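Reviewing the structure listed below.
Below is the structure:
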C-alpha cells in the first residue's frame, strides 16, 4: 500500500483485511471474533456502525531505517478505543487507559493478502488453492501484517498548559510524538529483536518522538510523560512498565530514570537532532538504565 487512504475508507479498507473489525466490542462475541480473525469470515449481516469515523482518519505508509511502517490515524478517541478493543482484546469492551494513545500490532492475519494471493494463483491457472495456501503460509511471516495505530489527544495525557505549546499546537505535536515513538519501537524490534528493556525502550522512543516532532529533546517534558522527578515518582506512564518488585521501589526507579533523562539531554546536540533514529540505535546499544 503506497497511496494514503482517508476518511471512512480507512476502516472499510482495513476490515477487508481484518474482518474482526466487523465484530463490535460487546459481551458474548468471542466466537464471532474467533471466526473472523482466524478464518477471515465476517459475521452474516455485519457492518461497521460501531465506528463513528472522521474525515481526518488516514491509512498511510511511513518510511523508517528498518523499512516501511503502515500507520492508521483515528482522530476520534471512541474509534481508537474500539479498534484496540477489537484487535487487541478480541472485541471485549475492556477499558483503555487514557495514557494509551498509540499501539503497534504485529503478526496480524491479513486476509486481504490471502485473497490477493488466491486471485493471482487462480488467474495463473492454479487448480489446488488449498495446497498452495498451505505452502505459502508455511513461510515465516507470510500473510501477516504489522500496523501502528495512532490517536488524537495530548501525549501521555499531559495537558497543553503543562507544556511550552498552545492547545492546538500541543495536539499537533502530540500526534507527531506518538507516530515517531511507535515507529521507534518498530525499528528496534526489527533491527534489535532480542534487546528489550521495557522502561529504556519507552525512554528512547520518547527521545525519537520529541526530536522528530519538535526538533529538540526536552527532558522536562519527557519527565512529565513518565511521571519522574529527582525526588521520585509523581504519577505517569512509568508504572505501566515495571514488574511487581520494581513497583515496590518505584520512587528509587523513578529518580534513576529522571537522572538518565538529564544525561540524554546533555548528550543530544545538533547531530543527534538531525538523525533521531541513529541516536536511538546508539542509545539502545549503550543503555543508561537496566529496566
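In this note's numbering, the protein residues as written are 70 to 360. Every residue gets a Cβ at the ideal spot worked out from N, C-alpha and C, and that includes glycine. From a predicted model like this one, the values you see are computed outputs, not experimental measurements.
Closest in C-alpha terms to residue 141, from the list 132, 128, 234, comes 128. Look at residue 166 here: in three-state DSSP terms it is coil, with no helix or strand label. Ranking 212, 198, 283, 144 by CA distance to the CA of residue 76 puts 144 first. By a beta-carbon distance limit of 8 Å, residue 138 contacts residue 252. Their separation comes to about 5 Å.
Judged by DSSP in its simplified three-state form, residue 234 adopts coil rather than helix or strand.
The DSSP-derived three-state label of residue 125 is coil. A distance below 7 Å separates the beta carbons of residue 296 and residue 304.
Residue 286 sits away from residue 293, with the two beta carbons spaced by 7 Å or more. For residue 216, the enclosing beta strand (DSSP E) stretches over residues 213-220.
Of the other Cβ atoms in all chains shown, 16 or more fall within 10 Å of the Cβ of residue 247; this residue is therefore buried. Per DSSP, residue 171 is one residue of the beta strand (DSSP E) stretching across 171-178.
Collapsing the DSSP output to three states places residue 75 in a strand. Put simply, the backbone Cα of residue 315 is about 7 Å away from that of residue 322.
The beta carbon of residue 148 sits closer than 6 Å to those of 120, 121, all from its chain and outside the five residues before and after it, given in chain order.
Relative to residue 131, the option among 325, 250, 347, 341 whose CA is nearest is 250. One thing to note: residue 266 has its Cβ no nearer than 7 Å to the Cβ of residue 174.
Shown here for residue 242: same chain residues with a beta carbon closer than 7 Å to its own, the five before and five after excluded, namely 234, 282, 283 in chain order.
By the C-beta criterion, the region 198-206 is judged not to be in contact with the region 156-164, since fewer than 3 inter-stretch pairs fall below 8 Å.
Taking C-alpha positions only, residue 146 is separated from residue 123 by approximately 11 Å. Cβ-Cβ distances below 7 Å link residue 310 to 267, 268, 271 in the same chain, with the five nearest sequence neighbours on each side left out; the list follows chain order.
Annotated as distal: residue 169 and residue 218, with beta-carbon spacing of 7 Å or more.
The three-state reading of DSSP puts residue 192 in helix, counting H, G and I together.
Taking the C-beta atoms as reference points, residue 88 is found no nearer than 7 Å to residue 346.
Taking a 10 Å sphere around the C-beta of residue 191, we find fewer than 16 other C-beta atoms and assign the residue as exposed. Taking a C-beta distance under 7 Å as the contact criterion, residue 154 and residue 162 qualify as a contact pair.
Around the beta carbon of residue 193, fewer than 16 other beta carbons sit within 10 angstroms, so the residue counts as exposed. Counting only residues of its own chain and dropping the five nearest sequence neighbours on each side, residue 195 has a CB closer than 7 Å to the CB of 201.
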